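K.L.:
Chains A and B, in that order, are what the protein sequence lines are.
In the numbering used here, each residue carries its 1-based index in the first sequence increased by 736.
The second sequence: position 418 = 404 (the numbering used here), numbered continuously.
Yeah, the Cβ is synthetic: ideal placement off N, Cα and C, and Gly gets one too.
Since the structure is predicted, the reported quantities are computational estimates derived from the model, not experimental observations.
Please find one structure pasted underneath; my questions will follow.
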Amino acid sequence: MAIRTYIQAITDALDVEMALDDSVFILGEDVGKRGGVFSATAGLIEKYGEERVLDTPLSESAIVGVAIGASMAGLKPVAEIQFADFIFPAYNQIVSEAARIRYRSNNDWNCPVTIRAPYGGGVHGALYHSQSVEALFYHVPGLKIVTPSTPYEAKGLLIAAIRDPDPVLFLEHKKCYRLVKGEVPDDDYTLPIGKANVKREGDDITVFTYGLMTHYCLEAADVLAKDGISVHLVDLVSIRPMDQQAIVEAAERTGKVLIVHEDNKFGGVGAEISAIIAEECLFSLDAPIRRLCGPEIPAMPFSPPLEKYYLLSASKIAESMRELARY
Amino acid sequence: MPMDEPKGCEDVSEVKMPQLGETVVEGTVGRWLKQIGDPVEKYEALCEVVTDKVNAEIPSDFKGVLTEILVAEGTTVPVGTPICVIQEAAVSSETQAAKQDSPRFSPAVLQLLQKYRLDPALIEGTGINGRITRKDVMDYVEAASKITAVSSTLSENAGGAPAEAAETATGARSGTVQSNGVIPDTTLSVDANQQYPVHSDTVIAVSPVRRTIAKRMLESKQQVPHAWMMVEVDVTALARFRDKAKEEFQRKEGVPLTYLPFFIKAIVESIKEFPILNSSWAEDTIIIKNDINVSIAVAAGDALYVPVIHKADRQSIAGLAHSISELAFKARNGRLTPAEVQGGTFTINNTGAFGSIQSVPIINTPQAAILTVESIVRRPVVIESDAIAIRSIVNLCLSLDHRVLDGLVCGRFMAAVKGRLETMGTQEVNVY
């Protein structure tokens, strides 16, 4: 198996699936000749031609709208939103059309569209290049949302998303693109959407997270391990469907739960996780559920010290873990 | 990865050597203005510090009590070095309160305390402010179960051998049982006087007597198709007669005149009438016994003995009273001979002695039936003239081996017993 970066695994998945299935095509801003702003689609236009790798106008509503139409006509589009921050013009298409068409048409129509969107901060991208958008979508029934944290999962889940008969919002933390490397099989494989992943077993506290924070949490858990505190770490991988069984099992294991996400706390993914735990296993809890999240301010600051303050880090996470372990 | 020192929950705080000027890297403690034990207000001067640039007083960052001086007067230390420790007043009193007055338990801890029936006062909390964590409870339970396991092993080792020896020596079948298996509580409390004695199960070694009972009961219940019936008998006249006769009987005979000999008499006479009740299933044949040897159940300690009144049909009521008394005495004192517990052909069990009014006895194989005499109860009943009267009523229950016996013959048998008992005492009964 080759060692690939996260972004290479994305490209690899697109390549593999386009080679296997003629109905798969890519559309988005600069995805063609420029190979994508993060070069996720680099080399694909050369290989598959401009009919299957479409450079679009700067109109997210059009990108997603066209993708939805094409998918309902039998194609399997992979729409790229250059930055998740720009997805809002397409919100109506995603929520009102893609997520609801199967229900609205009484199962006559479905919408096998995949929407890729790089999200998250830590790249000095400031307000319009750093947002986390998962909480704005995960409320919506009919929409699947995945955010893999490793190259292996990125490839397997992207192929699964393309093959899925319903719309999948595929969120890629942009800081993972080149930071995270790992072994990735060359062939096509899929991973199940809706399954969480226990990254590390432990008995003192349980931590739920996803995306880039998975790596920070692993780092923090390593530090705590040296002090004899063992962390049970769950990477959600899928935000919707959310793996409730895995959440309850992991919460019951230690009774002390910390939820970590970069997105701000209020109404975030952590709110749903803690509600699930409160509903399903209150009597296993040994401490109030904690959430360590981004602050309640409108966006990621541009100033480097403020960006650093805004963002979670392994040491901030370790401190929070330690407090919970001590409780 | 740079990691901060764990902070947060301490109620003691360190005061550090401040940086007095941009280029200053160290400072010398001049004079302590506060001594250990002194109360300190926030921003109140703690000590004088001398640097190569300035002389200054160091204010306290916290309100509390100075508990430790870490740097002696005249000593030079780098900037950032802790110089003293302040016990923060407000926090510490809060901590005390939280720990002593209002212990709060998490749902998980509450559930575990209930599950294992633990007293939280005996569990040491390692959480913040001495909070008992789920782990604390689990650790406690594990430790306690280890102690229990050890002590039960000890008591088995210690108690097992002598008990066996005593049994072999005396040939006693009871009495050793109780000393044998019960976990002595003292072992627990001696081993761990801080540990709360968990309500663990009591393990009792199975005595030879108990094992025999278990084996025979199991065999009977598994191999014999039990059927059951009950009749209600009015023994008002008998009760009156017995009340009248018992004192003189006791005086003359030296044994009490209980109801049991009357019942045995009535039953034995009825067996004479229906001899099939006194029989055994022998696979190819049914053996009707010639002698009527009545087994009577005697409880002694935790064991059950079934001595036999041989040839009960040849005994008078007084004779039966003597036999019962003697056998019961021997059973309770472990003096029954093998001959006295063998050869029974029909069992009568006086369950009324325990206050029972109905029971479903297990047949004492290879006998074909067992009859229980339940409590005699004074009850309002409808009598012949459609009047309601208070009568002494007793239930007789019969379990029968349905391979040998049927409802019809047993019903007739029970009716015969009932008839005999109900006429007893209507005229003078000859107990001899």
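Report the partner residues of Trp420 (chain B) according to the DSSP bridge assignment.
P.N.:
Residue 420 (chain B) is absent from the structure shown; chain B starts at -13 and stops at 418.
K.L.:
By a C-beta neighbour count over all protein chains shown, 10 Å radius and 16 as the cutoff for buried, is Ala107 (chain B) buried or exposed?
P.N.:
Classification of Ala107 (chain B): exposed, given that the 10 Å Cβ count is below 16.
K.L.:
Can you tell me where the beta strand (DSSP E) holding Lys2 (chain B) begins and where it ends?
P.N.:
Per DSSP, Lys2 (chain B) belongs to the beta strand (DSSP E) from Val(-2) to Lys2.
K.L.:
Give every residue of the same chain whose Cβ lies closer than 8 Å to the Cβ of Glu429 (chain B), excluding the five residues on either side of it in the sequence, and list them in chain order.
P.N.:
With chain B running from -13 to 418 in the structure shown, residue 429 (chain B) is simply not present.
K.L.:
Checking the sheet assignment: what are the DSSP bridge partners for Ile379 (chain B)?
P.N.:
B:Asp220 and B:Val363
K.L.:
Do the stretch 367 to 376 of chain B and the stretch 303 to 315 of chain B meet, that is, are 3 or more Cβ pairs less than 8 Å apart?
P.N.:
Cβ pair count under 8 Å is below three, so no.
K.L.:
Indicate the three-state DSSP secondary structure (helix, strand or coil) for Ser371 (chain B) in the structure shown.
P.N.:
coil
K.L.:
Could you say which of A:Val752, A:Arg788 and A:Ala897 lies nearest to Ile929 (chain A) if we only look at CA atoms?
P.N.:
Nearest of A:Val752, A:Arg788 and A:Ala897 to Ile929 (chain A), Cα basis: A:Ala897.
K.L.:
Using a Cβ-Cβ cut-off of 8 Å (strictly less than) and excluding sequence neighbours within five positions of Glu74 (chain B), which residues of its own chain qualify?
P.N.:
Asp(-3), Val(-2), Ser(-1), Phe48, Lys49 and Gly50
K.L.:
Just to confirm my understanding: we take Val176 (chain B), look at its own chain, exclude 5 residues before and 5 after, and list those with CB closer than 6 Å. What are they?
P.N.:
In this prediction, Val176 (chain B) has a pLDDT of 42, which is less than 50 and means its spatial position is unreliable; what the coordinates show is noted afterwards. Nothing listed; no residue qualifies.
K.L.:
Can you confirm whether Arg1062 (chain A), when its beta carbon is compared against all beta carbons of chain B, has any partner nearer than 9 Å?
P.N.:
yes
K.L.:
Evaluate Ala803 (chain A) with the Cβ neighbour count: other Cβ atoms within 10 Å of its Cβ, from every protein chain shown; 16 or more gives buried, anything less gives exposed.
P.N.:
With 16 or more other Cβ atoms within 10 Å, it is buried.
K.L.:
Is Val65 (chain B) helix, strand or coil by DSSP?
P.N.:
coil
K.L.:
Name the chain B residues whose beta carbon is nearer than 9 Å to that of Gly858 (chain A)?
P.N.:
Under the 9 Å cutoff, chain B gives no residues; its nearest Cβ is about 15 Å from Gly858 (chain A).
K.L.:
Report the residue ranges of all beta strand (DSSP E) runs contained in full by the stretch 956 to 1002 of chain A; include only those spanning at least 3 residues, in chain order.
P.N.:
967 to 971, 974 to 976 and 993 to 1000
K.L.:
Please decide whether Val95 (chain B) counts as near chain A, where near means a Cβ-Cβ distance under 9 Å.
P.N.:
At least one CB atom of chain A sits nearer than 9 Å to the CB of Val95 (chain B).
K.L.:
Report the three-state DSSP secondary structure of Asp821 (chain A) (helix, strand or coil).
P.N.:
helix
K.L.:
Just by C-beta distance, which residues in the stretch 879 to 891 of chain A are closer than 9 Å to chain B?
P.N.:
none
K.L.:
Excluding sequence positions up to five away, which residues of its chain have a Cβ less than 7 Å from the Cβ of Ala820 (chain A)?
P.N.:
Ala853, Pro854, Tyr855, Gln867, Val869 and Leu907
K.L.:
Return yes when the Cβ of Ser266 (chain B) is within less than 9 Å of the Cβ of Gln353 (chain B), no when it is not.
P.N.:
Cβ atoms of Gln353 (chain B) and Ser266 (chain B): closer than 9 Å.
K.L.:
Among the candidates A:Lys1044, A:Gly991 and A:Ala806, whose CA atom is the shortest distance from the CA of Val760 (chain A)?
P.N.:
A:Ala806
K.L.:
Name the chain B residues whose beta carbon is nearer than 9 Å to that of Ser1020 (chain A)?
P.N.:
Pro93, Ala94, Gln97 and Arg120
K.L.:
Straight-line CA distance for Pro884 (chain A) to Val127 (chain B)?
P.N.:
If you take the alpha carbons of Pro884 (chain A) and Val127 (chain B), they lie about 40 Å apart.
K.L.:
Taking the alpha helix (DSSP H) that Thr119 (chain B) falls in, what are its first and last residues?
P.N.:
Careful: Thr119 (chain B) lies outside any alpha helix (DSSP H) and carries neither H nor E.
K.L.:
Can you list, in chain order, the residues of its chain with a C-beta nearer than 8 Å to that of Val970 (chain A)? Leave out the 5 residues immediately preceding and following it.
P.N.:
Ala932, Asn933, Val934, Lys935, Thr942, Val943, Phe944, Thr945, Ala982, Ile983 and Ala986
K.L.:
Once DSSP output is grouped into helix, strand and coil, what is the label at Leu56 (chain B)?
P.N.:
coil
K.L.:
Any C-beta of chain B sitting closer than 9 Å to the C-beta of Gly991 (chain A)?
P.N.:
yes
K.L.:
Quick one, which of B:Leu96, B:Val123, B:Ile282 and B:Val35 has its alpha-carbon nearest Leu1018 (chain A)'s?
P.N.:
With distances taken between CA atoms, Leu1018 (chain A) lies nearest to B:Leu96 out of B:Leu96, B:Val123, B:Ile282 and B:Val35.
K.L.:
Use the C-beta contact count for Val11 (chain B): other C-beta atoms within 10 angstroms, 16 or more gives buried, fewer gives exposed.
P.N.:
That one is exposed.
K.L.:
Are the C-beta atoms of Ile114 (chain B) and some chain A residue less than 9 Å apart?
P.N.:
yes
K.L.:
Reducing DSSP to helix, strand and coil, say where Tyr888 (chain A) ends up.
P.N.:
helix
K.L.:
Since Ala213 (chain B) and His388 (chain B) should fall inside the 8 Å C-beta cutoff, what is the C-beta to C-beta distance between them, to a whole number of angstroms?
P.N.:
4 Å
K.L.:
Applying the 10 Å Cβ sphere with the 16-neighbour rule, what's the burial state of Asn41 (chain B)?
P.N.:
exposed
K.L.:
Which residues mark the beginning and the end of the alpha helix (DSSP H) in which Asp751 (chain A) is found?
P.N.:
Tyr742 to Leu756
K.L.:
What's the call for Ser302 (chain B), buried or exposed, on a 16-neighbour Cβ count within 10 Å?
P.N.:
exposed
K.L.:
Just to confirm before moving on: does the CB-CB distance between Gln5 (chain B) and Gly66 (chain B) stay below 9 Å?
P.N.:
yes
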